[in-house]
Amino acid sequence: MSISKGPQAFPRSEYIRRISAVKAEMEHRELDALVITHWANITYLSGNITRMLAQHALVVTSRDEEPKLIVRKMCAPGAYHTSFMEKANVIGYTEELVGKHDRDGFDAVIDYLIESGVEKRGVGIEMGNLTSQAVAKFVTRLGGARIVDCTKAVDWVRTYKSDLEIGIMREAAALADAAILRAAEVIRPGVREADAAAQIMVAQVGGGTGPAATGCRPPLLSSSPRTGTPHILWIDDRFREGTHVNMEVSGNRYGYMAALMRTFSLGKPSDRLRRLHEAQLAGLEAGLNALKPGRSCHDVSEDIYRAIGKHGFSKDSRCGYAIGIEGLLTAWVENTASLGRGDATILKPNMTFHLMLGNWLDEEFGYEISETVRLTETGAEALTSAPRILVEI
1411 MSISKGPQAF
1421 PRSEYIRRIS
1431 AVKAEMEHRE
1441 LDALVITHWA
1451 NITYLSGNIT
1461 RMLAQHALVV
1471 TSRDEEPKLI
1481 VRKMCAPGAY
1491 HTSFMEKANV
1501 IGYTEELVGK
1511 HDRDGFDAVI
1521 DYLIESGVEK
1531 RGVGIEMGNL
1541 TSQAVAKFVT
1551 RLGGARIVDC
1561 TKAVDWVRTY
1571 KSDLEIGIMR
1581 EAAALADAAI
1591 LRAAEVIRPG
1601 VREADAAAQI
1611 MVAQVGGGTG
1621 PAATGCRPPL
1631 LSSSPRTGTP
1641 HILWIDDRFR
1651 EGTHVNMEVS
1661 GNRYGYMAAL
1671 MRTFSLGKPS
1681 DRLRRLHEAQ
1691 LAGLEAGLNA
1701 LKPGRSCHDV
1711 SEDIYRAIGK
1721 HGFSKDSRCG
1731 YAIGIEGLLT
1741 AWVENTASLG
1751 RGDATILKPN
1761 MTFHLMLGNW
1771 LDEEFGYEIS
1781 ETVRLTETGA
1791 EALTSAPRIL
1801 VEI
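Under this note's numbering, think of the first position of the sequence shown as 1411, with each following residue one higher.
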């Protein structure tokens, strides 16, 4: 018995629309084929969310309506199950290309390009996602083909979401909200950090009022005296009275992510923590007011920095970034628009951001608050909705 199609996040027409937009970019660059290796871009164009740890690629050609997804043979059924594509377009390569020093899955991708003859005008490759050895293999084996680096070509296409994508991100945001609300219930003095994290992940997966998650990134959790250190997990310790906890959680629906940050005070917060909360909340509200189509990322960040400065604090890090589909290594960050100084990207409707007002003042002291937001025709809409408070426990 062969595997059947699983539930699909979007109708076929949505994927064809995305592929058509990528093909238009290929035509502009005079390419016959585009080799996509970035996990998030593969999900965007195929729907596939199967974890493929061996070499893999999605090949979009100018002549074919559907792309070809080339993966390790054992991963092919799962890739077909989660993607929108016909079974013939999911190609599994043999174990002869796994664990070898001289050949690997990219040889199967190159073999397909050569055998199908789609490299006549040019081949685009996401080189930034490959090792130098892998890039050299494509250049050498494709011989006379014109090779073009297309590392962020698809990233920029998917920066602007459809209404269907926004709907899925709303569902992800509800799961992030549920995780933060659960955190407020389980973080207590004496509780093991690991036990709290386990309960928070339960909420991330099934704690919302809507659909359950289709994946889960573990929460990032730092408790005193580690609150000046973002991007770390819980440790083998217990929460203590008189300290505070910074947390970053996410919701996941078909690979689409919504992120959310809040800070919890175990007991009455210190004056320094309360003042920093007020500063960062002011920055968050300034960012929500500043996010409007036609403005630049730089301009928005300047409004935020000024709001924080009025409260006597400064923020060294950027104020947010484009958010969307998760990557294997890049979490939910879309490496395109960045809400920081010097980014001239002009904002447009249905761009989505993690408006991130975390601020880490020194190695032992920091604070976190954020929202996942979308750009509308007139401003910004927060998709996440947990109370914007310093949570006192």
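Here a beta-carbon is modelled for each residue, glycine too, at the ideal position from N, C-alpha and C.
CA-to-CA, the gap between G1416 and P1629 works out to about 27 Å. For D1514, the closest of Y1522, I1524, Y1503 and D1753 by C-alpha to C-alpha distance is Y1503. Put simply, the backbone Cα of R1650 is about 54 Å away from that of K1547.
Its chain contains H1721 as the residues whose beta carbon lies nearer than 8 Å to that of E1688, once the 5 sequence neighbours on both sides are disregarded; these appear in chain order.
Linking T1541 to I1597 through their CA atoms gives a straight-line distance of about 42 Å.
Only exposed fits M1484, as fewer than 16 other CB atoms lie within 10 angstroms of its CB.
Taking the CA atoms as reference points, V1558 sits about 26 Å from K1571. The three-state reading of DSSP puts E1778 in coil, since its state is none of H, G, I, E or B. S1711 is positioned such that its CB atom lies closer than 8 Å to that of L1749. With contacts defined by Cβ atoms closer than 8 Å, R1648 and H1708 do not form a contacting pair.
Counting C-beta pairs closer than 8 Å gives fewer than three between the stretch 1427–1436 and the stretch 1517–1529, which falls short of the contact rule. In the structure shown, the three-state DSSP call for E1440 is coil. Between E1791 and T1569, the C-beta gap is not smaller than 8 Å, which leaves the two residues out of contact. Counting along the chain, no beta strand (DSSP E) covers N1699; the unbroken alpha helix (DSSP H) around it starts and ends at D1681 to A1700. Here the stretch 1607–1621 does not lie against the stretch 1664–1674, with fewer than 3 beta-carbon pairs under 8 Å apart. DSSP lists R1648 as the beta-bridge partner residues of R1602.
Contact between the stretch 1676–1685 and the stretch 1610–1618 is not established, with fewer than three Cβ pairs separated by less than 8 Å.
Apart from the 5 residues on each side of it in sequence, C1626 sits with its Cβ closer than 7 Å to the Cβ of M1611, Q1614, V1615 and N1662 in its chain, given in chain order. Here DSSP, grouped into helix, strand and coil, assigns R1784 to strand.
By alpha-carbon distance to V1533, the top candidate from A1555, F1516, D1517 and N1539 is A1555.
For V1549, no beta strand (DSSP E) encloses it; the enclosing alpha helix (DSSP H) starts and ends at S1542 to R1551. DSSP, read as helix, strand or coil, puts T1453 in helix. Inter-residue distance for A1696 and D1713 is about 6 Å (C-alpha atoms, whole angstroms). K1415 sits in coil when the DSSP states are folded into three classes, being neither helix nor strand. Taking the Cα positions, Q1418 is about 17 Å away from R1580. Between the alpha carbons of E1529 and N1539 lies a distance of about 20 Å.
A distance below 8 Å between beta-carbons, with the five flanking residues on each side excluded, links Y1490 to the following residues of its chain, in chain order: I1413, K1415, K1497 and V1500. In this structure, the alpha-carbon of D1565 lies about 27 Å from that of D1587. With 16 or more neighbouring CB atoms inside 10 Å of its own CB, L1631 falls in the buried class. Remark: C-beta atoms of V1519 and I1480 approach each other more closely than 8 Å. In this structure, the beta-carbon distance from L1767 to V1783 does not fall below 8 Å. G1776 is positioned such that its CB atom lies closer than 8 Å to that of P1640. Contact between H1448 and G1704 does not hold, since their C-beta atoms are separated by about 29 Å, which reaches or exceeds 8 Å. Ranked by how close their Cα comes to the Cα of T1653, the residues S1660, D1646 and R1636 have R1636 in first place. Cβ-Cβ separation between A1431 and V1567: approximately 5 Å, consistent with a contact (criterion under 8 Å). Taking C-beta atoms as the reference points, L1785 and P1759 count as a pair closer than 8 Å.
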